[in-house]
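Report on one structure; see the data block that follows.
In the working numbering, the protein residues as written are 8 to 501.
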C-alpha cells in the first residue's frame, strides 16, 4: 500500500493577497517604528550632549570674562597707584565764590550776567594728586576738569600724567557730575566750582599760589576757558589763574548744535523740553540770553584769558576747525584770521600756531596764545594721546616760568617704570571694557537659556511611516493605512 501525503486545499492567491500584504505592511511598519524610535532616542541623546557642551562652553566664556575683567582691574589699580605720586580724596566747597557772587550779583559782562539764578554753596569732591619726589617746593598747581556726562575718574589718567611731570593736580567733579552736589546748568555754576578749586589749590602749603593753572577736556575745556576769561574780576579769584589749557572748546552752544545736529534751539519750543534741561531753564525755551550767558566767543579777547592753549582734533565730532579758528581769531585780536588758519590747515593738516612773537605779547602779561590742530584725532582720542599732554606740560612750563628740567614730560623719560604705569592703566582699562562687553553677551545667553528655553529641537525628528507631520491623530493614521490597503486589495484581484 502506497501512502500518499495528505492533501491540502489549494490557496486562492487572489483571496490571500490582501491578508499577506496587511501582515507584511504591519511588520514593515513595526520595524520602521522601532527603528525610528531608536533613532529618535539616539538623537535626543545627541541633542542633550550638544546642549550640555554648549552650556559648558558658555560657562567657560563666563569664567574667561571674569578673568579678563579681574586682570584689567588689577592692571588699572597697579597703573593708578604708582610710586611716582600719591592720591588723596578731598572735598571742598564753593563758599568763597558763593560769597563773592552774592556780594556782586549785579555785575554783568557786555550787559549779560554770568551767574546762575539759584546761587548755592556746592560740595565738590576731588582727587588731590601729589608728585612723590617733586623737584621744586612749593610746586605749581593745576585744576583739571572732565568732560560732559562723565566724572573725574574718567579723565584721571590726564591728571596723573601731569602729576608725573611734577605738578600738584586737583581733579574735580564739575556741577551735576560724579559726587558734585550741584545741579548742572551747562556751565554757569561751574565757574564757582573752578574758582573755588583754584582758591583751594592756592591755599595748600606746598603749592606756589603764583603758579596755578586750569585745564580740561570737552566740557572741562569750556569751563576752564570761561573761568580764565572772567577770573580777573570781582567774581573770580582776582587773577590767580595764570594759564588755561583747553583740550576742545566751543564758540557757543548754538554754533555747536548747528554743526553736530543741524538744529538751532534758540527760541524753539520743539527743542525746549530737551535742551532746556541742561540749562536749568524753567520756561521750556532756550533764549538768546541763555546762550550768551554760556558763550566763549562773545567774551574772549586778546587779554582776558591768561596764556591760552587750545588743542583740538580735526575729526572731532562735536566741532569743526572753523569754530576753533573763530575762537582763536578772537583771542588773538585777529592776529590769525579764520581764512589764514584754513589755508594753513589745507596745506599742512596737523599744525600749531602761536602769537608769542607778536609785538606786545608775552607770557608774563598773560597774552600768549597757541592753537594745535591734530589731523587724525577725534573727540575721544584727543584726550588719550600723550603728545597732547606733552603739549600742555610744555605750555605750562612757559606760562608759569618753570625750569624745564624739573618738569619732564613722559616722552622725555627713558625710565621703563614711568611708561609701565601709564600703559598698565591704558591696557587695564581696555581689558575692563572688553570684559564687560563679553560679560553682557555671556550673561544674556545664559539667562535666555535659563528663563526662555528653546522649544524646537536642534536636530529634526524622524517621521514614522504613514505620518503626514506634526498634529496628525491616530485616526488619521489608520485611515491612511486603510486607504493604502484597499488599493493593494484591488490590485490583487486584478
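Where is the CB? At the ideal position from N, CA and C, for every residue including glycine.
Keeping to the same chain, check which residues put their C-beta closer than 7 Å to that of residue 103; ignore five residues upstream and five downstream. Looking up residue 103 in the chain shown gives position 96. Excluding positions up to five away in sequence, the list reads 203 and 206.
In the DSSP assignment, find the unbroken beta strand (DSSP E) run with residue 345 in it and report its ends. The count along the chain shown starts at 1 and reaches residue 345 at position 338. Segment 345-355 is the alpha helix (DSSP H) holding residue 345; no beta strand (DSSP E) there.
So the candidates are 378, 342 and 364; which of them puts its Cα closest to the Cα of residue 357? For the purposes of this step, residue 357 is taken as the residue at position 350 of the chain shown. The option with the nearest alpha carbon to residue 357 is 378.
Residue 432: buried (16+ other C-beta within 10 angstroms of its C-beta) or exposed? By 1-based counting over the chain shown, the position of residue 432 is 425. Within 10 angstroms of the beta-carbon of residue 432 lie 16 or more other beta-carbons, which makes it buried.
Run through DSSP, which three-state label would residue 27 get? Within the chain shown, numbered from 1, the residue matching residue 27 stands at position 20. Looking at residue 27 - three-state DSSP - the assignment turns out to be helix.
Coarse secondary structure for residue 366, derived from DSSP in three states: Along the chain shown, read from residue 1 onward, the residue named residue 366 stands at position 359. In this structure, residue 366 counts as coil in the three-state DSSP scheme.
Please report the straight-line C-alpha distance between residue 322 and residue 382, rounded to a whole angstrom. Here residue 322 refers to the residue found at position 315 when the chain shown is read from its first residue. Here residue 382 refers to the residue found at position 375 when the chain shown is read from its first residue. So the alpha carbons of these two residues sit roughly 7 Å apart.
Considering just the uninterrupted stretch of the alpha helix (DSSP H) at residue 206, what are its terminal residues? As a position in the chain shown, residue 206 is number 199, starting the count at 1. Segment 195-210, the alpha helix (DSSP H) holding residue 206.
How is residue 378 classed by DSSP in three states: helix, strand or coil? Residue 378 sits at position 371 when you count from the first residue of the chain shown. Per DSSP, reduced to three states, the secondary structure at residue 378 is strand.
Taking only the alpha-carbon atoms, compute the straight-line gap between residue 253 and residue 447 and give it to the nearest angstrom. The count along the chain shown starts at 1 and reaches residue 253 at position 246. The count along the chain shown starts at 1 and reaches residue 447 at position 440. About 36 Å.
Could you pull the start and end residues of the alpha helix (DSSP H) that residue 333 belongs to? Locating residue 333 in the chain shown gives position 326, counting from the first residue. In the DSSP assignment, residue 333 falls within the alpha helix (DSSP H) that extends over 328-338.
Ranges of the beta strand (DSSP E) found wholly within the stretch 79-120, counting only runs of at least 3: Annotation note: the stretch 79-120 contains the following uninterrupted beta strand (DSSP E) runs of length 3 or greater, listed N- to C-terminal: 92-100.
Give every residue of the same chain whose Cβ lies closer than 6 Å to the Cβ of residue 26, excluding the five residues on either side of it in the sequence, and list them in chain order. Residue numbering aside, residue 26 sits at position 19 when the chain shown is read from its first letter. Taking C-beta separations shorter than 6 Å and ignoring five residues to either side along the sequence, residue 26 has no partners in its chain.
Spatial distance of residue 482 from residue 36 (CA atoms): Here residue 482 is taken as the residue at index 475 of the chain shown, counted from 1. Here residue 36 is taken as the residue at index 29 of the chain shown, counted from 1. The alpha-carbon atoms of residue 482 and residue 36 are separated by roughly 16 Å.
So who's on the other strand from residue 252, going by DSSP bridges? As a working mapping, residue 252 is identified with position 245 in the chain shown. In the DSSP output, where bridge partners are listed per residue, residue 252 has 222 and 316.
Do residue 248 and residue 222 count as a contact pair if the criterion is CB distance below 8 Å? Here residue 222 is taken as the residue at index 215 of the chain shown, counted from 1. Here residue 248 is taken as the residue at index 241 of the chain shown, counted from 1. Going by C-beta atoms, residue 222 is not nearer than 8 Å to residue 248.
Whole-Å CB distance - residue 313 paired with residue 368, under 8 Å assumed: Residue 313 sits at position 306 when you count from the first residue of the chain shown. Residue 368 sits at position 361 when you count from the first residue of the chain shown. Rounded, the Cβ-Cβ distance is 12 Å, inconsistent with contact.
For residue 154, is the beta carbon positioned less than 7 Å from some heavy atom of the ligand PLP? In the structure shown, the ligand PLP is absent, as is every other ligand, since no ligand is present at all.
To which residues of the same chain is residue 449 closer than 7 Å at the C-beta, ignoring the five residues directly before and after it? For the purposes of this step, residue 449 is identified with residue 442 of the chain shown, where counting begins at 1. The residues are 65, 68, 69 and 72.
Which value, in whole angstroms, describes the spacing of the CA atoms of residue 201 and residue 384? For the purposes of this step, residue 201 is taken as residue 194 along the chain shown, with counting starting at 1. For the purposes of this step, residue 384 is taken as residue 377 along the chain shown, with counting starting at 1. Answer to the nearest angstrom: the Cα atoms are 27 Å apart.
Could you tell me which residues DSSP pairs with residue 148 in its beta bridges? Walking along the chain shown from the start, residue 148 turns up at place 141. Bridge partners of residue 148: 175 and 219.
For residue 482, which of helix, strand or coil comes out of DSSP? As a position in the chain shown, residue 482 is number 475, starting the count at 1. In the structure shown, residue 482 sits in a helix (DSSP, three-state: H, G or I).
Taking Cβ positions only, does residue 365 come closer than 8 Å to chain B? Included in the structure is just one protein chain, with no chain B present.
With a CB to CB cut of under 7 Å and the five nearest residues on each side skipped, what residues in its chain are close to residue 504? Outside the shown range of the chain (8 to 501) lies residue 504, about which nothing can therefore be said.
With respect to the beta strand (DSSP E) encompassing residue 131, which residues constitute its N-terminal and C-terminal limits? The residue given as residue 131 occupies position 124 in the chain shown. Taken as a continuous stretch (DSSP letters only), the beta strand (DSSP E) holding residue 131 covers 130-138.
Residue 153 versus residue 269: straight-line alpha-carbon distance, rounded: Working through the chain shown from its first residue, we reach residue 153 at position 146. Working through the chain shown from its first residue, we reach residue 269 at position 262. Whole-angstrom Cα-Cα distance: 26 Å.
Looking only at its chain, what residues have a beta carbon closer than 8 Å to the beta carbon of residue 163, apart from the 5 residues adjacent to it on each side? Position 156 of the chain shown, counted from the first residue, corresponds to residue 163. So the qualifying residues of the chain are 87, 134 and 178.
Pick helix, strand or coil for residue 359, following the three-state DSSP scheme. For the purposes of this step, residue 359 is taken as residue 352 along the chain shown, with counting starting at 1. Reduced to three states, the DSSP call for residue 359 is strand.
Judging by CA-CA distance, which residue of 156, 38 and 193 is the nearest neighbour of residue 293? Along the chain shown, one-based indexing puts residue 293 at 286. For residue 293, the nearest C-alpha among the options comes from 193.
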